[in-house]
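What follows is the structure, encoded as C-alpha cells:
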C-alpha cells in the first residue's frame, strides 16, 4: 500500500517563494515559474531552427514593457489582427506580468512597476499562421531601461548586451513624453549617448533590421487639444494645430539626425504609436502594423536547388 | 564551403558559443567522423535531415566534451559530421552509397535543416559521385539472360533463382533502375507498363527481406540485419497494393508515388530508421523519386 499523500490546501494568497540563492546571486531574480528568462537560457529554448530575436531598445520609462504586454494581449484577444495563431510560450508568467503592468499603467492605479534591473528579460512565443501551421519561435528581449541608462555611460554594461548585438530586429524607442517639451536637451543627450556608446563598441550589426518608434505619440494630439481649449476661432485653432504639428516634426527630425549616422533605419521602419492602444476594435493601426512587421519571420533558408539532382536529370532527358 | 562549425551553429543558436566551446565541439565531431561506419553515417544523415535523434552520436559528443547541449545543437553537429565525411575521399561502394543515401534524404528534409545543410554540405561533391555512378552502375553487370528470366516471370520464386546467389546482381539492378533503365525504357512509356517496374522492385524488396539469412549473414548484407520492414503499419505490401491500383489516372499516380515517397522517407525512416535503412531501399527510393519527377514533368511542365 502506498503512503498517503499529505495534501495541504492553501487558502492564502500565493506569494513567490524564495529560491535557494547561490553566492552573489541576485535578489531581484524571479521565483515564478514561466517568468521571463535570462540570456543564458535562450539557447536552450527548443526550436527546430534559430528563433527570430526582437530586441526592444531604450532608456527607462519609454514603454518597452507596455509594448510587449500589448503584443501578448493582442495575440490572446484578437490574433486575427496579426494573421497569426498563438501556440505556446515558455514565459507565460513573464507576459502576464507585463500585461498587468500595462493594465495598471492604463488605469493609473499605481506607478507602473518597471522591469527590474536584474530580472529576466527574455520572453518567447511560438506562433503559427492563421491555421496554426508553419510554426516559428520569436524571442523578445525586454531589458530593464535602467540597464540602458547605465549603458549610456559604461562600456562594460554595453558589452554585456548580447541581445542587442545579435538581434534580428532592433526596435529603438523614443519617449514622446520627454521629447515633446521644450526642455528636452537632457533626454536627447542621453539618447544620443546611449546609441553612440553601442556604436563605438560595435554592438550594432549590419545584419539587424532597425526600427525607430516614437512611443506615446497620442500625447501630440493631447497637447494640441489642450492648446486649443477655450478657443472658438477656427483660424486660430488651425494656426495652433499647425504650430504643434511643426514642432513635432522638428522634434522627430532632431531624433532622426541623431540616429541616422549610427544605424540605418529605412523610412518605412519609423513608427508613431501608442503602445497602450489596444482598446478592443479600436486598436492603434500603426501599433498593429508594427507588431505584424516584428513577428514576421525572415524567410527561412530553403535547400539550394543544386542538391536536387533528380530534377536536373529529368530536365536533361 | 568552409564547413565552419561556428557558422553552422548560428543556424540554431540565438547567441553564439564562445571560442573554447566551439573548438571543443569541433574536435569531438572530428574524432567521431574519423572512424565512422555506414550505419553511423546514416544515423547522422537522419538526425540532420529528418530530426531523428542519433543517441549514440549524442552520447559520444557528451562523453568527448564532458558536457551536454540543447537538442537542436546536436542536429547541427550531425550536419557538421556529414559534411566532414563527404569532404574526405570515399572509395568503392561507400563512395556510391553515402552520398546517395544523403541526397535521397535531403529531398524530404524537415523545416529547420535547410540552413544547416546549405552550410555544411558541399553540393559540388555530388558531381564526382554521379560520374562514378554512370561508370559503375551499368546494366552489363547483370547477365542479359538473367535479366530476361527475371522479367518474364511473375515472381522471384518462379525464376527458380536463389536470391542469395543473386544478391549483388539485385543490388546492381536496383541501382540501374534508378537511372539508366528508367530513362531508357520507361521515360516515354505510359503508366501501365510502368506497373511492371513497380511490381518488380517491390517483389525484389519483399523477397529479399523475407529471407531469414538476410538477418544473420555477415558482410556484405550485415547492414540489412536490423531491418524489419513489415514491423510498421506501412509495409511494403501495403505500398504495393496502393501502387498497383488499376483505376487510377496519371494525376493520381503522382499521389500514389507520393505515398511511397512519404513512406520511404518518413514512415519508413521513423519506423525503421532507427534500425538503419538498407542501400537497396535507397536504390528503390531513388527509383520512385525518378518516377515521381517524371510523372510530374509529364503533367505539369
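Residue numbers (the numbering used here), protein chains in the order written: chain G, 1 to 317; chain A, 1 to 301. For each residue, glycine too, the CB sits at the ideal point set by N, CA and C. Treat the numbers as computed from the prediction; the structure is a model and nothing was measured.
Short CB-CB distance (under 8 Å) between residue i and chain G
{"i": "residue 26 of chain A", "result": "no"}
{"i": "residue 134 of chain A", "result": "With a pLDDT of 49 at residue 134 of chain A, under the threshold of 50, the modelled position of this residue cannot be trusted, and the question is left open."}
{"i": "residue 68 of chain A", "result": "no"}
{"i": "residue 48 of chain A", "result": "no"}
{"i": "residue 10 of chain A", "result": "yes"}
{"i": "residue 45 of chain A", "result": "no"}
{"i": "residue 118 of chain A", "result": "yes"}
{"i": "residue 5 of chain A", "result": "no"}
{"i": "residue 19 of chain A", "result": "no"}
{"i": "residue 304 of chain A", "result": "Residue 304 of chain A is absent from the structure shown; chain A starts at 1 and stops at 301."}
{"i": "residue 33 of chain A", "result": "no"}
Assigned exposure category for residue i - 16 Cβ within 10 Å defines buried
{"i": "residue 282 of chain G", "result": "exposed"}
{"i": "residue 208 of chain G", "result": "buried"}
{"i": "residue 231 of chain G", "result": "exposed"}
{"i": "residue 327 of chain G", "result": "Given a span of 1 to 317 for chain G in the structure shown, any question on residue 327 of chain G remains unanswerable."}
{"i": "residue 118 of chain A", "result": "buried"}
{"i": "residue 145 of chain G", "result": "buried"}
{"i": "residue 206 of chain G", "result": "exposed"}
{"i": "residue 276 of chain G", "result": "buried"}
{"i": "residue 109 of chain A", "result": "buried"}
{"i": "residue 124 of chain A", "result": "exposed"}
{"i": "residue 56 of chain G", "result": "buried"}
Where the alpha helix (DSSP H) containing residue i begins and where it ends
{"i": "residue 118 of chain A", "result": "114-120"}
{"i": "residue 191 of chain G", "result": "185-200"}
{"i": "residue 57 of chain A", "result": "55-65"}
{"i": "residue 80 of chain A", "result": "71-86"}
{"i": "residue 178 of chain G", "result": "176-179"}
{"i": "residue 145 of chain G", "result": "145-151"}
{"i": "residue 34 of chain A", "result": "19-34"}
{"i": "residue 87 of chain G", "result": "Taken as a continuous stretch (DSSP letters only), residue 87 of chain G belongs to no alpha helix (DSSP H), being part of the beta strand (DSSP E) at 85-88."}
{"i": "residue 158 of chain G", "result": "155-159"}
Where the beta strand (DSSP E) through residue i begins and ends
{"i": "residue 142 of chain G", "result": "136-142"}
{"i": "residue 124 of chain G", "result": "122-128"}
{"i": "residue 270 of chain G", "result": "270-272"}
{"i": "residue 321 of chain G", "result": "Any question about residue 321 of chain G goes unanswered here, given that chain G covers just 1 to 317."}
{"i": "residue 209 of chain G", "result": "209-215"}
{"i": "residue 168 of chain G", "result": "From DSSP, residue 168 of chain G is part of no beta strand (DSSP E); its letter is neither H nor E."}
Below-8 Å beta-carbon distance, residue i vs any chain A residue
{"i": "residue 304 of chain G", "result": "yes"}
{"i": "residue 42 of chain G", "result": "yes"}
{"i": "residue 162 of chain G", "result": "yes"}
{"i": "residue 48 of chain G", "result": "yes"}
{"i": "residue 159 of chain G", "result": "no"}
{"i": "residue 30 of chain G", "result": "In this prediction, residue 30 of chain G has a pLDDT of 49, which is less than 50 and means its spatial position is unreliable; what the coordinates show is noted afterwards. No, residue 30 of chain G does not count as interfacial toward chain A."}
{"i": "residue 24 of chain G", "result": "Low per-residue confidence applies at residue 24 of chain G: pLDDT is 34, beneath 50, and the placement is therefore not dependable, though the value from the model is reported in the following sentence. Chain A contact via Cβ: absent."}
{"i": "residue 143 of chain G", "result": "no"}
{"i": "residue 148 of chain G", "result": "no"}
{"i": "residue 181 of chain G", "result": "no"}
{"i": "residue 39 of chain G", "result": "yes"}
{"i": "residue 34 of chain G", "result": "no"}
{"i": "residue 187 of chain G", "result": "no"}
Chain-order list of residues whose beta-carbon lies under 6 Å from that of residue i (same chain, five-residue window excluded)
{"i": "residue 288 of chain G", "result": "81"}
{"i": "residue 210 of chain G", "result": "170, 263 and 265"}
{"i": "residue 195 of chain G", "result": "262"}
{"i": "residue 325 of chain G", "result": "Because chain G is modelled from 1 through 317, residue 325 of chain G falls outside the range shown and cannot be assessed."}
{"i": "residue 38 of chain G", "result": "120"}
{"i": "residue 9 of chain A", "result": "76"}
{"i": "residue 277 of chain A", "result": "Below a pLDDT of 50, predicted positions are generally treated as unreliable, and residue 277 of chain A, at 38, falls in that range; the measurement from the model is reported next regardless. Nothing meets the Cβ criterion."}
{"i": "residue 3 of chain A", "result": "83 and 120"}
{"i": "residue 140 of chain G", "result": "54, 68 and 123"}
{"i": "residue 251 of chain G", "result": "179"}
Chain C within 8 Å of residue i, Cβ atoms only
{"i": "residue 139 of chain G", "result": "Annotation note: the requested chain C is absent from the structure, which comprises protein chains G and A."}
Nonlocal neighbours in the same chain, by C-beta distance under 8 Å from residue i, ignoring five residues either side
{"i": "residue 27 of chain A", "result": "64"}
{"i": "residue 83 of chain G", "result": "129, 130 and 292"}
{"i": "residue 85 of chain G", "result": "79, 127, 128, 129, 130, 131 and 132"}
Same chain, Cβ closer than 7 Å to residue i, five either side skipped, listed in chain order
{"i": "residue 216 of chain G", "result": "63, 175, 176, 177 and 274"}
{"i": "residue 81 of chain A", "result": "29, 32, 33 and 44"}
{"i": "residue 11 of chain A", "result": "76, 115, 116 and 119"}
Residue i CB to nearest heavy atom of the ligand MN below 7 Å
{"i": "residue 99 of chain G", "result": "In the structure shown, the ligand MN is absent, as is every other ligand, since no ligand is present at all."}
**Asked** Which residues, in chain order, does the segment 50-64 of chain A contribute to contact with chain G at a C-beta distance below 8 Å?
**Response** 51
**Asked** In the segment 72-88 of chain A, which residues sit with their C-beta less than 7 Å from some C-beta in chain G, listed in chain order?
**Response** 72
**Asked** Which residues, taken in chain order from the segment 257-270 of chain G, show a beta carbon closer than 7 Å to some beta carbon of chain A?
**Response** none
**Asked** According to a CB-to-CB cut-off of less than 9 Å, which residues of the segment 280-302 of chain G neighbour chain A?
**Response** 300, 301 and 302
**Prompt:** Between the segment 44-78 of chain G and chain A, which residues of the former have a C-beta closer than 8 Å to a C-beta of the latter?
**Reply:** 44, 45, 46, 47, 48, 49, 50, 51 and 53
**Prompt:** Can you list, in chain order, the residues of the segment 164-179 of chain G whose Cβ is nearer than 8 Å to any Cβ on chain A?
**Reply:** 166
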